[in-house]
Every structure is written in C-alpha cells, then in structure tokens.
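Just below is one structure, and these are the notes that go with it.
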Amino acid sequence: MPRVIASVVVAVAALLVCSPVAEAGRGDQRKTGCEVSTGSGDVEVGCEQPGGSTRPSPRPVGVVGPVKPCRWVPATAADGWDPAAYGNISASGYVFVELPDGTIGREFPDGRSERVFARECPDGVSGFTWVDTSITVQEVIDDAVGRARRAVPAPVLEVNPPASAGGIVNLGLWLALLAAAPVTVRAEAGSLWAEATVTLTSTSWDMGNGDVVSCDGPGTPIVDLDTLEQGPCGYTYRASSPEDDPYQLTVTATWTVSYRSSAGSGSAGTVDRVLSVDYDVDEIQTIGVSN
Numbered sequence: 001m002p003r004v005i006a007s008v009v010v011a012v013a014a015l016l017v018c019s020p021v022a023e024a025g026r027g028d029q030r031k032t033g034c035e036v037s038t039g040s041g042d043v044e045v046g047c048e049q050p051g052g053s054t055r056p057s058p059r060p061v062g063v064v065g066p067v068k069p070c071r072w073v074p075a076t077a078a079d080g081w082d083p084a085a086y087g088n089i090s091a092s093g094y095v096f097v098e099l100p101d102g103t104i105g106r107e108f109p110d111g112r113s114e115r116v117f118a119r120e121c122p123d124g125v126s127g128f129t130w131v132d133t134s135i136t137v138q139e140v141i142d143d144a145v146g147r148a149r150r151a152v153p154a155p156v157l158e159v160n161p162p163a164s165a166g167g168i169v170n171l172g173l174w175l176a177l178l179a180a181a182p183v184t185v186r187a188e189a190g191s192l193w194a195e196a197t198v199t200l201t202s203t204s205w206d207m208g209n210g211d212v213v214s215c216d217g218p219g220t221p222i223v224d225l226d227t228l229e230q231g232p233c234g235y236t237y238r239a240s241s242p243e244d245d246p247y248q249l250t251v252t253a254t255w256t257v258s259y260r261s262s263a264g265s266g267s268a269g270t271v272d273r274v275l276s277v278d279y280d281v282d283e284i285q286t287i288g289v290s291n
C-alpha cells in the first residue's frame, strides 16, 4: 500500500526534489492543484491556484510546432518536508502519497490517482503538472495521430491548363497539387510523449471519362508553358467533353501517417483528401493547306 504523506494542498515545488537543473531553476515558478481529464480522448490539463481561482496550465498535449528542448520528469519528495507547515486543506479531498517508485502522487476519494511531473528546461523548471497514473503511451500516440489526421489540408489544384480555362483535345495536361509540407503534431502526458507526422505521398486523378492517372507525391507542376506534351504526371484528352456537360476532374490526395514515441515508432495508416472540379475540354478543328 502507498504511504499517506498528507491531506493538504501545498505548493508543489515545496514537495519535490528534481534533478540539479530543476532544483537550481525552481525560483518562483511553483504551481499547484493541476487536474487532468481524458474524457474526450484528448488529454487536457488545468491548474488551480490557492484561493480557488483557475487558470490554464501549459498544455502538454497536441502542441504543433518546434519541439522545445525540455522534458517532463517524475519528481520525488524533498527531505524534511513537513505537511504541518501547510494549513490549506484540499477541497477535492485528495491525500498526498508516495508511489511505489518513490515519486509523489495523490489519491482521490473516487479511487483515481495521479503522479506529479516537473518540466525541466535548459534554463530551469518551467512548470509542474499532475498526470493520471492510468494514462498509457498508446493513448498519447492516439491523441497525436488523431490531431495530425485532422490537420491534413485540403488539396489545392495546380493543373495546367487550369480548370478556369479548360483543356483542348490532344493538348497535354500537367497534373499537380500545390506542394504541401508534412505536418507534425506532438502530444505529451508527463514523461509519455508521441509525435505524429502526415506526409503527402501520392495522388490519384480521375479524369471524368473513365481514365485514372496515379502519381507519386503531389504530381508535377508545368515547367514550360510552351510545351504541348503532357507532364510526367499528366494526361491527354482524345475527345471533347459533351456540350454543356464538362468532365468531372477528381483528385484524391493520400497522406501517410507515421509516429514516434517514448515507446517506439510505427505507422498509422493513411488519410485521403478529395477535390472535384468541372473541366471542360474543347476540340479545335484545323484545315490543312498544301504548298
């Protein structure tokens, strides 16, 4: 059984012993009363300050952008900590406990338990957070993957001739989408972390007449506006579209999802984005003249 330490709300920094870097950078960056919820599938964190006011904590999950050189580390009790020095009794009814691995936790009347983590950065400790001990690395991976999937952008056509101008029979098309960079999303819950990346890997072009063209990546934008030949990712219509009934040009952009995490790396399937436009194709009649 874990050993009960106290039934009081205290400044978390006063409870903990982190690494020398964390101890040296502690300063006034003490935070208390953080709550973690996983009800919607996303790991959400909020902190309660003494006096009952609430404010958002640094959100450790679903961060898009450069990864800072910081890390979450479990924290242990400081020597000589005296719970009698703190008079605020927890309104949530939790008690502080020492978990089996020696780190500080807290237990609630409903049976939930949490572990406290300190965020160590090169310039010291930037914050603390409580994380439910039932959260698994797979949940963190799923959170990052789900956010990355939702971040995949819609296709933007870069076809030549463009749909606004339409095509000509026997004039080669260059099929391409506007280049889209990979999207990376990072999710964290204490020392558990995952990064999911979606990368545009292929396009499939339904030309509206029964023909389909498959290409690597976003296709190939035109390089010479004077060329009559189709591009490496291209197509040439041999018949005009029916009168007042243009072809439906449909592109399916396929993004591949991969991840790396504190438990290893892997793949997480693909995501498709589809775009359809009217594409009118006309035929120009020519008459040959002898010398």
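Its first residue numbered 1, the sequence shown is counted upward by one per residue in the working numbering. All residues carry an ideal CB built from backbone N, CA and C; glycine is no exception. In this text, all values refer to a predicted model and were calculated from it rather than measured experimentally.
{"Check": "Cβ separation of residue 151 and residue 185, assumed to be a contact under 8 Å, to the nearest whole Å", "Outcome": "6 Å"}
{"Check": "Beta-bridge pairing of residue 248 - partner residues as DSSP gives them", "Outcome": "278"}
{"Check": "Under 8 Å between C-beta atoms of residue 117 and residue 94", "Outcome": "no"}
{"Check": "Where residue 137 sits in the DSSP three-state scheme", "Outcome": "helix"}
{"Check": "Same chain only: Cβ atoms within 6 Å of residue 113, ignoring 5 sequence neighbours per side", "Outcome": "105, 107 and 133"}
{"Check": "Residue(s) in a DSSP beta bridge with residue 172", "Outcome": "236"}
{"Check": "Under the three-state DSSP convention, the category residue 294 falls into", "Outcome": "Only positions 1 to 291 of the chain appear in this structure, which leaves residue 294 out of reach."}
{"Check": "Pairwise C-alpha distance: residue 111 and residue 273", "Outcome": "44 Å"}
{"Check": "Integer-rounded CB distance, given that residue 125 should sit under 8 Å from residue 189", "Outcome": "Not a contact, Cβ separation roughly 18 Å."}
{"Check": "Candidates 270, 220 and 166, of which the one nearest residue 284 by Cα", "Outcome": "166"}
{"Check": "Cβ-heavy atom distance, residue 219 to the ligand ATP, below 7 Å", "Outcome": "The ligand ATP is not part of the structure shown, which contains no ligands of any sort."}
{"Check": "Coarse secondary structure for residue 159, derived from DSSP in three states", "Outcome": "coil"}
{"Check": "For residue 208 and residue 222, believed in contact at Cβ under 8 Å, the rounded distance", "Outcome": "With a Cβ gap of about 20 Å, residue 222 and residue 208 do not count as contacting."}
{"Check": "Rounded separation between residue 205 and residue 183 - CA only", "Outcome": "23 Å"}
{"Check": "Close-in-space but distant-in-sequence residues of the same chain around residue 121 (CB under 6 Å, 5 per side omitted)", "Outcome": "70"}
{"Check": "Exposed unless 16 or more other CB atoms sit within 10 angstroms - verdict on residue 127", "Outcome": "buried"}
{"Check": "Limits of the beta strand (DSSP E) - the one that residue 199 falls within", "Outcome": "192 to 206"}
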